[in-house]
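First comes the structure, then the notes that go with it.
Printed below as a string of structure tokens:
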């Protein structure tokens, strides 16, 4: 797998497609505004030298239908389906019942193994326990756990009942929890003693919450409405028939933040399993003998879709690791478990790159055959570094919480253009359009859109139909909210968000949430938040604050504000930089103009300021 150079065409070799140093350039918002169209990088990394699950991209793209793909999914006789059945049950009769489904590695490195049969039995016991508490089809049951076996078991158990699973990131603070549990009218939360402390102070605000189930609890310390997970499942039957859900019945509810307002609940359904299965097969290229590690937390969509349902529907062995990020620890997991397919985030790869080459060579990573990345654009230099130290290309791909599955990818059967998102998957029609929804020519910057119809597309926003309709404001298209361009060979290139959502370390953070947490601090009168470019994290969160009367800026105060915010929100959502201002730019209606804050920070033109409030 050597780097190869594509022979440039006359058009792509023209001066206007090059940077000042004469090297082929990436499209950026700044470049695009200058006028010349981009034609993509000339650099290619050749396709896999081994047979892939998807061998002929062009032919498959032309002939594939989602209707045909449904034949790979197990349906009940009446056309109903259950994602849990496809993830676990069907393997019990296919010869995989004694195959390891989950390698669970705790923070100390100890490994527990669970077969598909054991996952099934544990999920049935948990499902029966939930049933005894009155959980029924459509009820919202949230899972607030680190990456422990009970998280995976509970998710499958909830799906078996036809209830709606609500994954929660373990780093969420009380405010983030309150917003999600209130909006969803959650009936039950499954957590552990450490994380339960975050719930204790907000229970009074959750009238619909009936029970908190605690994994590893000291029964003597449980309050009213709190139950021991272990005691609850003790004596429960390991048999529980899967609810025969309609394909359009909700499967999971995952909250994501927008630019304004509270987090929005994205609803996905059991029919999503078709997309989960096929994209896992094609993009992750999983085979029966693979040991697969997705480093994403199941509290995020990647960890749910490609950490549980997708790989298990393909019968793959999944690795989970409870420990914190550390280069040596991560490589040890790969070395010890002989991981073959590794799916991680660009931020993690950049941090591994920063840790240096020596730590790579201290471990045997020879079992790796496929590495992927998702969450934010993958820097070309990281791809090249991966070729150097792993001997493998890193395959980037693009999708969203709302899309429910990978839509554009650097597939193993195609050559990689480092820095690109790749090409649309079979069954997916993506395009770059102008303000009127008309497709633009290759190389022109525009809005990234997709034709609706793929099986894993969001079905609604929980209790917010107007917000759902905003995704389809361009007639005939799903609007991603991203800006992009497409080169002449069909590769897509991400430019940036069309709104001001901050993408830090692969996590989307809404400025409003951070601003709300900041102004709760007694010293903060006003706050405005932006994303600031960062080589390691993609973006970091920077806050501009106006202090309340009686407070003076100091390092001590700013650190206190940071720590306060970190406790209110997830650890990734606190501002790493805070700058004190006399005032913030606002419209006459009082809306903070984040665009101006970002322009000032990056030294960009401020544009029209006529809507600013008078000084």
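Residue numbers (the numbering used here): 16 to 630.
We treat Cβ as the ideally placed atom computed from N, Cα and C, and that holds for glycine.
Beta-carbon spacing of residue i, residue j below 7 Å
| i | j | result |
| --- | --- | --- |
| residue 518 | residue 554 | yes |
| residue 201 | residue 157 | yes |
| residue 585 | residue 187 | yes |
| residue 424 | residue 298 | yes |
| residue 668 | residue 471 | Nothing can be reported for residue 668: it is not among the residues displayed for the chain, which extend from 16 to 630. |
| residue 248 | residue 174 | no |
| residue 178 | residue 150 | yes |
| residue 101 | residue 89 | yes |
| residue 280 | residue 267 | no |
| residue 241 | residue 229 | yes |
| residue 97 | residue 300 | no |
| residue 374 | residue 342 | yes |
| residue 314 | residue 183 | yes |
| residue 328 | residue 292 | yes |
| residue 607 | residue 601 | yes |
| residue 407 | residue 386 | yes |
| residue 591 | residue 362 | no |
| residue 307 | residue 356 | yes |
Nearest-angstrom Cα separation, counted from residue j out to residue i
| i | j | result |
| --- | --- | --- |
| residue 549 | residue 394 | 12 Å |
| residue 48 | residue 461 | Here the model assigns residue 48 a pLDDT of 30, short of 50, so the residue's position is not dependable and the matter cannot be decided. |
| residue 442 | residue 137 | 36 Å |
| residue 477 | residue 528 | 18 Å |
| residue 334 | residue 351 | 11 Å |
| residue 131 | residue 285 | 20 Å |
| residue 320 | residue 345 | 21 Å |
| residue 190 | residue 583 | 6 Å |
| residue 496 | residue 85 | 29 Å |
| residue 146 | residue 160 | 20 Å |
| residue 611 | residue 597 | 15 Å |
| residue 524 | residue 259 | 36 Å |
| residue 633 | residue 594 | Within the shown structure, residues of the chain are numbered from 16 to 630, placing residue 633 beyond reach of any answer. |
| residue 564 | residue 542 | 14 Å |
| residue 220 | residue 530 | 21 Å |
| residue 483 | residue 560 | 32 Å |
| residue 628 | residue 181 | Reliability fails at residue 628, whose pLDDT of 49 lies under 50, so the model's placement of it is uncertain and the value that follows must be treated cautiously. The alpha-carbon atoms of residue 628 and residue 181 are separated by roughly 42 Å. |
| residue 619 | residue 545 | 14 Å |
| residue 444 | residue 489 | 15 Å |
| residue 172 | residue 289 | 20 Å |
| residue 359 | residue 310 | 5 Å |
| residue 28 | residue 396 | Here residue 28 scores only 33 on pLDDT, less than 50, and its place in the model is too uncertain to base an answer on. |
| residue 574 | residue 430 | 47 Å |
| residue 536 | residue 522 | 24 Å |
| residue 60 | residue 486 | 34 Å |
| residue 615 | residue 434 | 28 Å |
| residue 106 | residue 399 | 38 Å |
| residue 421 | residue 287 | 12 Å |
| residue 142 | residue 428 | 40 Å |
| residue 77 | residue 438 | 13 Å |
| residue 312 | residue 520 | 13 Å |
Nearest-angstrom beta carbon gap, residue j and residue i [assumed within contact, 8 Å]
| i | j | result |
| --- | --- | --- |
| residue 283 | residue 473 | 6 Å |
| residue 256 | residue 120 | About 32 Å separates the two Cβ atoms, so there is no contact after all. |
| residue 325 | residue 111 | The pair is not a contact, with the Cβ atoms about 16 Å apart (cut-off 8 Å). |
| residue 447 | residue 426 | Not quite, the Cβ-Cβ distance comes to about 20 Å (not below 8 Å), so this is no contact. |
| residue 332 | residue 118 | 7 Å |
| residue 508 | residue 436 | 7 Å |
| residue 532 | residue 580 | 5 Å |
| residue 277 | residue 198 | 7 Å |
Where the beta strand (DSSP E) through residue i begins and ends
| i | result |
| --- | --- |
| residue 265 | 265-271 |
| residue 292 | Segment 287-294 is the alpha helix (DSSP H) holding residue 292; no beta strand (DSSP E) there. |
| residue 412 | 409-413 |
| residue 466 | From DSSP, residue 466 is part of no beta strand (DSSP E); its letter is neither H nor E. |
| residue 243 | 241-243 |
| residue 58 | 58-60 |
| residue 282 | 279-284 |
| residue 576 | Premise fails: residue 576 lies in the alpha helix (DSSP H), 570-583, not in any beta strand (DSSP E). |
| residue 106 | It is not in any beta strand (DSSP E) - residue 106 carries neither H nor E in the DSSP assignment. |
Boundaries (first-last residue) of the alpha helix (DSSP H) holding residue i
| i | result |
| --- | --- |
| residue 698 | Nothing in the structure corresponds to residue 698, since the chain is present only between 16 and 630. |
| residue 101 | 98-102 |
| residue 328 | 325-328 |
| residue 607 | Premise fails: residue 607 is in no alpha helix (DSSP H) and is neither H nor E. |
| residue 308 | Residue 308 -> not in any alpha helix (DSSP H); beta strand (DSSP E) instead, spanning 306-309. |
| residue 81 | 81-84 |
Every unbroken alpha helix (DSSP H) inside the stretch 497-555 [4 residues or more]: 526-534
Contiguous beta strand (DSSP E) assignments of at least 3 residues, all confined to the stretch 111-188: 115-120, 126-130, 155-158, 179-182
Segments assigned alpha helix (DSSP H), at least 4 residues, entirely inside the stretch 195-249: 208-215, 244-248
Alpha helix (DSSP H) runs wholly inside the stretch 418-455, at least 4 long, in chain order: none
Any alpha helix (DSSP H) of 4 or more consecutive residues that is wholly inside the stretch 326-371: 342-352, 361-370
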